[in-house]
Amino acid sequence: MGHNGTGRRAVEMYDDLVTPKILNRDFLHTLYDAAYMECEQDGDGDSVITESGLKCIATLPSHQDAIHLAILFPLKENVPLQEKLECVNRINDRYIITRAAVTKDATLLLCDYYIFLNGGVSRKAIVLGTKKFIEVTRQAAEEYASDIIA
């Protein structure tokens, strides 16, 4: 029971949780906007957050039990594929908050992360998780990909 024996405190705590049942694109955009993050909705309704000079796209997979965060970096054309893949491997070896890959056409470096919502996640955790992903991805790109990013 809650602090006054009514169970009210427990209800308040769970009211703050974001679950797959209540999550949609508008809710996500409103959440980022309320956190004073620079956020727009693109033509698909996905949230595009701009922070530290990076654009992070927050999308909802079709199963909607997670928030997918992604940052794309254009790659220099004259860099061999092997060098791009070595960069991806270095990032993946040293960072756990971001996953790196090269797109099929080898023109973009994709860094992404999932925030899973099963059981519920607080609004604060979503905002802080998004900020941490952007910060870590920026750091990883500066450390390992600065010479291959266009």
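Take the sequence shown: its letter number 28 is residue 27 in numbering that gives the first Met the number 0, and every next letter is one higher.
In this text, a Cβ means the ideal position worked out from N, Cα and C, and glycines have one as well.
Cβ neighbour criterion (16 or more within 10 Å) applied to residue i
i: I66; result: buried
i: I95; result: exposed
i: Y143; result: buried
i: F115; result: exposed
i: T49; result: exposed
i: G6; result: Residue confidence is low: G6 scores 47 on pLDDT, short of 50, so the model does not pin down where it sits. Its coordinate-derived value is still stated next. Exposed, since its Cβ has fewer than 16 Cβ neighbours within 10 Å.
i: K20; result: exposed
i: A69; result: buried
i: L127; result: exposed
i: Y35; result: exposed
Within-8 Å CB hit, residue i to chain C
i: A149; result: Looking at the structure shown, chain C is missing, and only one protein chain is on hand.
Endpoints, the alpha helix (DSSP H) within which residue i is located
i: E134; result: 122 to 139
i: T29; result: 24 to 33
Check whether residue i and residue j have beta carbons under 8 Å apart
i: T106; j: C55; result: no
i: S46; j: C38; result: yes
i: A140; j: I148; result: yes
i: R122; j: L53; result: no
i: N117; j: D64; result: yes
i: V17; j: I90; result: no
Cβ-based neighbour list, residue i, same chain, cut-off 6 Å, excluding 5 preceding and 5 following
i: T58; result: D45, H67
i: C110; result: I70, T97, A99, T136
Other residues of its chain near residue i: CB distance less than 7 Å, five sequence neighbours each side excluded
i: V135; result: Y94, I96, T97
Proximal residues to residue i (C-beta, below 8 Å), its chain only, five neighbours per side dropped
i: K83; result: L74, V101, A105, L108, I147
Which runs of the alpha helix (DSSP H) spanning at least 4 residues fall entirely within the segment 38 to 113, listed in chain order? Note on the segment 38 to 113: whole alpha helix (DSSP H) runs with a minimum of 4 residues are 80 to 93, in chain order.
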